[in-house]
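J.: Each residue of the sequence shown is one higher than the last, beginning at 0 in numbering that gives the first Met the number 0.
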Amino acid sequence: MYQYHGFGLNIASEIEMPELYAYAFDKADVTIHLGKIPEQLEGNAVKRAFSLIGEHEYTLHVKNVSRYYAGYGNKIIVEPYQGIDDRSVRIFLQGTIMAAILYQRGTIPMHASAIERAGKLILFAGHSGAGKSTLLAHLAVKGHTIFTDDICVLQHDIANNIISGAASYPMVKLWEDAINKIGSETYDKEFKVRPNLPKYGHFFHDSFNLKTLPVSKVFILNPASSAKEINYKKLNALESFKRVERQAYRYRFATGERLRGLHFSLMASLTNTVPVIEMSRPAGFTGDIHEFSNLVETLL
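1) Excluding the 5 residues flanking Met97 on each side, which residues of the same chain have their C-beta closer than 6 Å to its C-beta?
2) Is DSSP giving Ala129 helix, strand or coil here?
3) Which value, in whole angstroms, describes the spacing of the CA atoms of Ser302 and Tyr231?
4) Return helix, strand or coil for Ser300, following the three-state DSSP convention.
5) Tell me the rounded alpha-carbon separation between Ser65 and Gly42.
6) Tell me the residue span of the beta strand (DSSP E) that contains Ile232.
7) Would you say Tyr248 and His155 are within 8 Å of each other, going by their C-beta atoms?
8) Grab me the residues of Ala99's own chain with a C-beta within less than 6 Å of its C-beta, minus the 5 sequence neighbours each way, in chain order.
9) Decide if the region 136-148 is in contact with the region 196-207; the criterion is three or more beta carbon pairs, one per stretch, under 8 Å apart.
10) With respect to the beta strand (DSSP E) encompassing Lys119, which residues constitute its N-terminal and C-terminal limits?
11) Specify the secondary structure class of Ser87 as computed by DSSP and reduced to three states.
12) With three or more C-beta pairs closer than 8 Å as the rule, is the region 77-89 touching the region 105-120?
13) Could you name the residues that DSSP lists as bridge partners for Asp156?
14) For Leu311, does the three-state DSSP call read helix, strand or coil?
15) Which residues does DSSP pair with Glu277 in a beta bridge?
16) Counting only the same chain and skipping the five closest in sequence on each side, list residues whose C-beta sits under 8 Å from that of Tyr22.
17) To the nearest angstrom, how far is the alpha carbon of Ala165 from that of Gly105?
18) How is the alpha helix (DSSP H) around Gly260 delimited, first residue to last?
19) Taking DSSP as the reference, what is the three-state secondary structure of Ile100?
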């Protein structure tokens, strides 16, 4: 099996995943197999259009791509459609399915990119389309160190009241128009994340950090707001909690009192211990990327 490290976990996989960091280990935290997924889950499960969500298990059906199973925080089964390309299969595996595994393990994936600065993390959180990856990529061009793109796995050291983050995997995903607006030779258009999708992956395996680092600041990115110019607001603790707790990645997996309690305590601790800044910008973010990243740098 292929061996990788990602999302703070050692992953053994029958599927080759060049997006992840190759890493030798003795014991896997998660195994990924090709096979047939179970038709039913143990216990009560919430049924949705293309998925089943249980307390310890999850299944997903992506039409014409693959069926997936994630169970007990340590097992994934992938049942691809015949003839489907590997990249389409992997993109759901490395997103939604890994999120299910993380919640099952009692960790919270945050919808955030991050840079490393002086041994600590600065998070850029926001929903899809907020500009997390574009900002991250432009900051990297200006000399900042990429830690993770799109997903940062949060962990709570309760004894010391420290929130730390682990990186997902060493690839930044950028839309073609974002690459054009950034205007740097650092980002090319060689690796499409899916066929027929104008979105490309930029790898940073050589600088990928396997360590879990403490979070020192959080930026919340507001896409296409009604603002006529770029602006920011430093949030108080209550405002911070209301904004940050919404940034959990695939929060629908936080089923049951245990996970919701964990989510609440982690987000409360985070927003009580680190500053949170909300950034708003007009529509057409990539057109203002230079001005936007300059302002962010003054607030780091």
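Idealized CB from N, CA, C, for every residue including glycine. None of these values were measured; they are calculated from a predicted model.
T.: Result, derived from the coordinates:
1) Your numbering for residue 97 matches position 98 in the sequence shown. Closer than 6 Å at the Cβ level, and outside the excluded window around Met97, lie Phe6.
2) Residue 129 sits at position 130 when you count from the first residue of the sequence shown. In this structure, Ala129 counts as coil in the three-state DSSP scheme.
3) Because residue 302 is not part of the residues shown, which for the chain are 0 to 299, the question remains open.
4) For residue 300 there is no data in the structure shown, the boundaries of the chain being 0 and 299.
5) Position 66 of the sequence shown holds residue 65. Position 43 of the sequence shown holds residue 42. C-alpha separation (whole angstroms): 24 Å.
6) Mapped onto the sequence shown, residue 232 falls at position 233. Checking the sequence, you will find Lys at residue 232 rather than Ile. It spans 230-233 - the beta strand (DSSP E) in which Lys232 sits, taken as one unbroken run.
7) As a position in the sequence shown, residue 248 is number 249, starting the count at 1. As a position in the sequence shown, residue 155 is number 156, starting the count at 1. Between Tyr248 and His155, the gap from beta carbon to beta carbon reaches 8 Å or more.
8) Your numbering for residue 99 matches position 100 in the sequence shown. Only Tyr57, Ala69, Phe252 meet the Cβ criterion.
9) yes
10) The residue you call residue 119 lines up with position 120 of the sequence shown. It spans 119-124 - the beta strand (DSSP E) in which Lys119 sits, taken as one unbroken run.
11) Working through the sequence shown from its first residue, we reach residue 87 at position 88. Three-state DSSP puts Ser87 in a helix.
12) no
13) Taking the sequence shown and counting its residues from 1, one reaches residue 156 at position 157. For Asp156, which the question treats as bridged, DSSP gives the partners Ile161.
14) Absent from the model: residue 311. The displayed extent of the chain is 0 to 299, so no value can be given.
15) The sequence position of residue 277 within the sequence shown is 278, counting from 1. According to DSSP, Glu277 shares a beta bridge with Ile219, Lys232.
16) Walking along the sequence shown from the start, residue 22 turns up at place 23. Here the set comprises Gln2, Tyr3, His4, Asn9, Leu209.
17) The residue given as residue 165 occupies position 166 in the sequence shown. The residue given as residue 105 occupies position 106 in the sequence shown. When rounded, the distance between both Cα atoms is 14 Å.
18) Taking the first residue of the sequence shown as 1, we reach residue 260 at position 261. Run containing Gly260: 255-272, per the alpha helix (DSSP H) assignment.
19) The residue given as residue 100 occupies position 101 in the sequence shown. Looking at Ile100 - three-state DSSP - the assignment turns out to be helix.
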